[in-house]
Structures are given as C-alpha cells and as structure tokens.
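Engineer: Dumping the structure here so I can ask a few things about it.
2 protein chains.
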Amino acid sequence: MKNQTMAGSIGSEIRRRILDGRYPAGSQLRQDGLAAEFGASRIPVREALFQLEAEGLVRIHPHRGAMVAPLSPADAAEALELRAALEPRLLALSAPLLTEPDFHRAHGILEDYAAALRDGDTARWGTLNTELHLLLYGRANRPRALGLVGSLLAECDRYTRLQLSTDPAELERADREHREMVRLCRNGHVSAACALLVDHINHVATALMAFLGEPADATQTPAPSHVIV
Amino acid sequence: MKNQTMAGSIGSEIRRRILDGRYPAGSQLRQDGLAAEFGASRIPVREALFQLEAEGLVRIHPHRGAMVAPLSPADAAEALELRAALEPRLLALSAPLLTEPDFHRAHGILEDYAAALRDGDTARWGTLNTELHLLLYGRANRPRALGLVGSLLAECDRYTRLQLSTDPAELERADREHREMVRLCRNGHVSAACALLVDHINHVATALMAFLGEPADATQTPAPSHVIV
DNA sequence: GCCTGAATTATTTTATACAATTTCAAGCCT
DNA sequence: AGGCTTGAAATTGTATAAAATAATTCAGGC
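Chains as they are written, first to last, in the working numbering: chain E, 1 to 229; chain R, 1 to 229.
Structure representation (structure tokens):
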C-alpha cells in the first residue's frame, strides 16, 4: 500500500493484530516466530517492534524481548485525559475550515458506522471511530498533535473493544454524539461542538472506568478546574 | 550508563549531538558514516535512528536515508502550543505532592543554571531547563504525558539554542521565572504557579517567533479562548 | 542545444551467521 | 531444607554480506 518497505508493512500488520486482540495484552512477541510467520528475517521485525514501542503499543525490555503493552486502568485514564486536553483544541481550529467534501466523507463514515453497528462488527468500529475523529481535526494544520491523537485513539480502542462486547448501548450513544458533533460543525457552532466533544470523551472515560471496576478518581485525579489556559 | 545495549547508547549520543547542533538541522545522517564513527555495525545505528524518528528529532524517508529534522517556525509554534496545553495540567497535579528532597534538587538545578549563565555555557542550559521542568512534573503520576513533554522540551531546546546566542537577556528572564515558579510551588500557591508557567511558555513562544521573523499568528492561530475544558 | 533513457554508483534494506545476555533448572554448599 | 552458584538452552543483540531501490551520469536521438 503506502509502505514500500517490509518493516513498515510488518509493523502495520502487527499493529492491526494488537488492536484486533489477536495478540493479547501482555503476550510475548518473539522475533523468531514473527519472522517465520511473515516469511521474513528478524531484522525488519525488530524495526517494526521499535516503531510500535514508540506508539506505546509494545514494550521492549533489553535482552528480554518484546511484549504487547499491558492494559491498565491508569493507562486508559491517562490516555483519555490527554485526549480531553488535546482534541477540543484541534476541533476548535479545524471545524471552521472543514469543507463540503470533508462533511461528505464524514457522513460516509457515519453510514459505515451504522452498518457496522447493525452487523455487530466491533472490529470495524474502532477504525471508523479513529477515522472520524481524525477527519474532523484534519484542517487544524497541527501535524504533530494529529499524529499524537491518532496514537491515543488507537490505544483507547484497545480498551473500548473490551467494554463494547458486553455493553453495546455505548455504541449507540457514541453514534448519536458523533452525528450531533458533525451537525454542529457543519452549522458553524464550533464552541458547542467542542463542549460536546469534551462531554463525549469524559463520558467514555467514566463508563470505561466503571466497566474496569475502578472508581474514576482512584487512579487518576481529574484535571483541576483552575487550569483555564 | 543505563543503556545496556549498543543501539541505546548510540541513540543517546546522536540525540546529544543533534541537540548540541553538531549535527545541524536538515543534514543527512548516513548509516555507514555513523557506524564507522561509533565503531559499530549499521544495524544498531538503524535502530537508534528509528527511535529518534519517533521522538521527532530525525526524519526517515524510505530508501532515501535519514536527516536531522529541519527546524521550522510552524513546528516550534506547535511544540510550544502543546507544551502550554500539557505542562500546566502536570504542574497542577504534581506541585501539591512535591517533597522536600524534590525542592532541594530543584534548587541545585537552579544553582547550576546560574553558574552556566555566568560561564556563558549555553549547551548546559537546555538540559538544565529540561531537568527542572520534568522534576516539577514528576509527582503528577502521568508517565505518558511526562515522556511526551520530555520530547517537546528537547525539541524546543533546539530552537531556543539558536535564539539565546544572540539574545542572552531571555536567559535571565527564564531564570527569574523558574525561581518564582519553584517558590510558588513550595508555598502551596499552585494555581499561581500554573498561571506563571503559562505566561512563561507563552513568552518563550512570542519571543521565539519574533526572533525567527515570523509574526506569531501567521503560522499558528492561538488557542481559542472558548475552549475551557 | 536540450531532453530522454539506460547503465552506473551510492545508499538503504534485508538475509544469514555469529556473539552476548538472560532465564531456568539442577546440583552443591551451608 | 534453603539459598547460592553453575551450566545449558533459548532468545535477543550485533556483525558481515548480499539484494533492492533511488539518485546520477553519460550517451544518443530529436
């Protein structure tokens, strides 16, 4: 596709399998096995693992190998906290600059989302969610923040996947909020869209913490209100 | 030191040289030359470059080699914008939990800073600045955000280094603001410290944009005020 | 004279082979 | 019996060498 190098395509495939859950959290990733599985040598596998470690999906201990990054409530809370801090700013910058083709693509994603919801295809939900969010922030002209948010969205998908198999009502709520956000952006109600986005992320955070059996404020104190910036 | 592997130590050394300016922005990093320079093979060099690319210090084009990430005003503005979004939150969480040994270390850094200021040792300034900031945020219990801010501080040092050689007055201002921030944290005035931190970062941003000859709002519109979070 | 295009060169990328490190278990000593 | 050392097995880290890809050069034609 866009990866002209073998390390890149191996990395994309491993990432997909981690997000799918095919490589469960905490499992060992042996270079030899992966190399055999992909019909390649260990060196491109190593480089792919290094790249994934930078994204936070893999942890490498020197001389002890690589493992899929474990899932911890504290980690999920921090990722969602970062999202709540960054995404509203991106949306505020990007929303006024969104074009008609952008909204067209957004509606296409929403339709796919509805179809996946009917089919119970939870695997597609994560990628569509990430696509929609990144699309809405795409005109902000903040490449670094955008890449960072992309990593955070991918990580959050690992947690929400666990939750959604037992709690499908959250999917419909997310769908409603997504549609409303797109509508607000299209009608120029930027600050309302940002406020809804904050609520959207915070709700995901509280629902996820409840699902994980952790009181929301145990691992992570909320962002203090006197930081207005 | 703490790098038990050759790739790690090579990566640290290349990072140091990029931050020093010994490898100037935009210069090509040939694997063969680096390998010969470090007396190693090209493979640990490759892995080091991959890690540095994740930090944003190096850009790799497939089959075309690696180069030191170029310096652009827009990039600096985005890095400072992210710092302004993230650091106050970390400080608000960490400041109430700072211990007496932490403040002792902070004062040590401030003394070293003053010494470096007397000696005109601009190379040490960057690392001391990073150390101080990360120390103040260390009790926030946000490992991911802390690592991210560390990368952002390193990148900002590349720009401020250029500026400070011609504008040493900024160094003294930074010193005053650092001392005041530590004092406010020690006396429990957390919100005042956070407000000062925001001003500190924003001032660095405007001064840097002025130095780079770019009007502050040309490349980057400021964060909109209606995002309160 | 300038553009097109194949051969050449330089560099990156990958494969194979070897060395260093960790882990686990068995045996020894206290 | 318990803890420590020691050795073997497995796995990772590194070096060397071959394959692949992009940039360059130089010849040939329009």
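Just so you know, even glycine gets a beta-carbon here, dropped at the ideal spot from N, CA and C.
When we look at the beta-carbon of Ile228 of chain E and count the other beta-carbons within 10 Å, is it buried (16 or more) or exposed?
Structural biologist: Residue placement at Ile228 of chain E is flagged as unreliable, the pLDDT there being 39, under the threshold of 50; a coordinate-derived value is accordingly withheld.
Engineer: When you compare the stretch 22 to 34 of chain E with the stretch 59 to 66 of chain E, are there three or more beta-carbon pairs, one atom per stretch, that lie closer than 8 Å?
Structural biologist: yes
Engineer: Given a cut-off of 8 Å on the beta-carbon distance, is the pair Arg124 of chain R and Ala116 of chain R in contact?
Structural biologist: yes
Engineer: Does Met1 of chain R come out as helix, strand or coil in the three-state DSSP assignment?
Structural biologist: Low confidence applies to Met1 of chain R: its pLDDT is 45, below 50, so where it sits in the model is not reliable, and the reading given next is rough at best. Per DSSP, reduced to three states, the secondary structure at Met1 of chain R is coil, with no helix or strand assignment.
Engineer: Which residue from E:His61, E:Met6, E:Phe103, E:Ala210 puts its Cα closest to that of Leu164 of chain E?
Structural biologist: E:Ala210
Engineer: Measure how close the beta-carbons of Glu55 of chain E and Ser151 of chain E come, nearest whole angstrom, since I'm counting them as under 8 Å.
Structural biologist: Correct: roughly 5 Å between the Cβ atoms.
Engineer: Please identify, using Cβ separations under 9 Å, the residues of the stretch 32 to 59 of chain R that lie next to chain E, in order along the chain.
Structural biologist: Ile43, Arg46, Glu47, Phe50, Gln51, Glu53, Ala54, Glu55, Gly56
Engineer: Going by Cα to Cα distance, which pick from R:Leu196, R:Leu132, R:Ala77 is closest to Glu177 of chain R?
Structural biologist: R:Leu196
Engineer: Pull the bridge partners of Ala66 of chain R from the DSSP assignment, please.
Structural biologist: R:Leu29, R:Ile60
Engineer: Do you know how far the Cα of Gln4 of chain E is from the Cα of Cys185 of chain E?
Structural biologist: 36 Å
Engineer: Against Arg142 of chain E, what residues of chain R qualify as contacts under a CB-to-CB distance less than 7 Å, listed in chain order?
Structural biologist: Glu78
Engineer: Under 7 Å Cβ to Cβ from Arg42 of chain R, same chain only, skipping five residues before and after it: list those, please.
Structural biologist: Here the set comprises Gln31, Asp32, Ala35.
Engineer: Given 8 Å as the limit, is there contact between the stretch 72 to 81 of chain R and the stretch 130 to 148 of chain R, that is, 3 or more CB pairs closer than that?
Structural biologist: no
Engineer: Restricting to Cα atoms, I'd like to know which of R:Arg158, R:Leu135, R:Arg46, R:Asp157 is closest to Ile10 of chain R.
Structural biologist: R:Arg46
Engineer: Cβ of Leu136 of chain R within 8 Å of Cβ of Ser94 of chain R?
Structural biologist: yes
Engineer: Could you name each continuous alpha helix (DSSP H) segment of 4 residues or more that falls completely within the stretch 125 to 202 of chain R, going from the start of the chain to the end?
Structural biologist: 143 to 164, 169 to 186
Engineer: On the CB-based measure, 16 or more other CB atoms within 10 Å of its CB, does Pro168 of chain E come out buried or exposed?
Structural biologist: exposed
Engineer: Is there a Cβ from chain E that is less than 8 Å from the Cβ of Leu71 of chain R?
Structural biologist: no
Engineer: Tell me whether the beta-carbon of Pro88 of chain E lies closer than 8 Å to the beta-carbon of Cys156 of chain E.
Structural biologist: The answer is no: Cβ separation not under 8 Å.
Engineer: Interface residues of chain E around His133 of chain R at Cβ under 8 Å?
Structural biologist: Under the 8 Å cutoff, chain E gives no residues; its nearest Cβ is about 16 Å from His133 of chain R.
Engineer: For Gly138 of chain R and His107 of chain E, what's the separation of their Cα atoms in angstroms?
Structural biologist: Straight through space, the alpha carbons of His107 of chain E and Gly138 of chain R are spaced by roughly 43 Å.
Engineer: Near Val198 of chain R, which residues of its chain fall below 8 Å by C-beta distance, leaving aside the five closest residues on each side in sequence?
Structural biologist: The answer, listed in chain order, is Ala84, Pro88.
Engineer: Do you know whose CA, among E:Leu153, E:Val58, E:His189, E:Ile60, lies nearest Ala92 of chain E's CA?
Structural biologist: E:His189
Engineer: How should Glu78 of chain R be labelled, buried or exposed, when 16 other C-beta atoms within 10 angstroms of its C-beta is the threshold for buried?
Structural biologist: buried
Engineer: Have a look at E:Asp102, E:Ala40, E:Val149, E:Ala154 and flag the residue whose alpha-carbon is nearest the alpha-carbon of Ile18 of chain E.
Structural biologist: Cα-wise, what sits closest to Ile18 of chain E is E:Ala154.
Engineer: What's the gap between the Cα of Val182 of chain E and the Cα of Asp175 of chain E?
Structural biologist: If I take the Cα positions, the gap works out to 11 Å.
Engineer: Near Arg179 of chain E, which residues of its chain fall below 7 Å by C-beta distance, leaving aside the five closest residues on each side in sequence?
Structural biologist: Close CB contacts of Arg179 of chain E within its chain, under the 7 Å cut and outside five residues either way in sequence, are with Leu110 (chain order).
Engineer: By the three-class DSSP mapping on this structure, what secondary structure does Leu71 of chain E have?
Structural biologist: coil
Engineer: Taking 8 Å as the cut-off, decide whether the C-beta atoms of Pro62 of chain R and Ala7 of chain R are in contact.
Structural biologist: no
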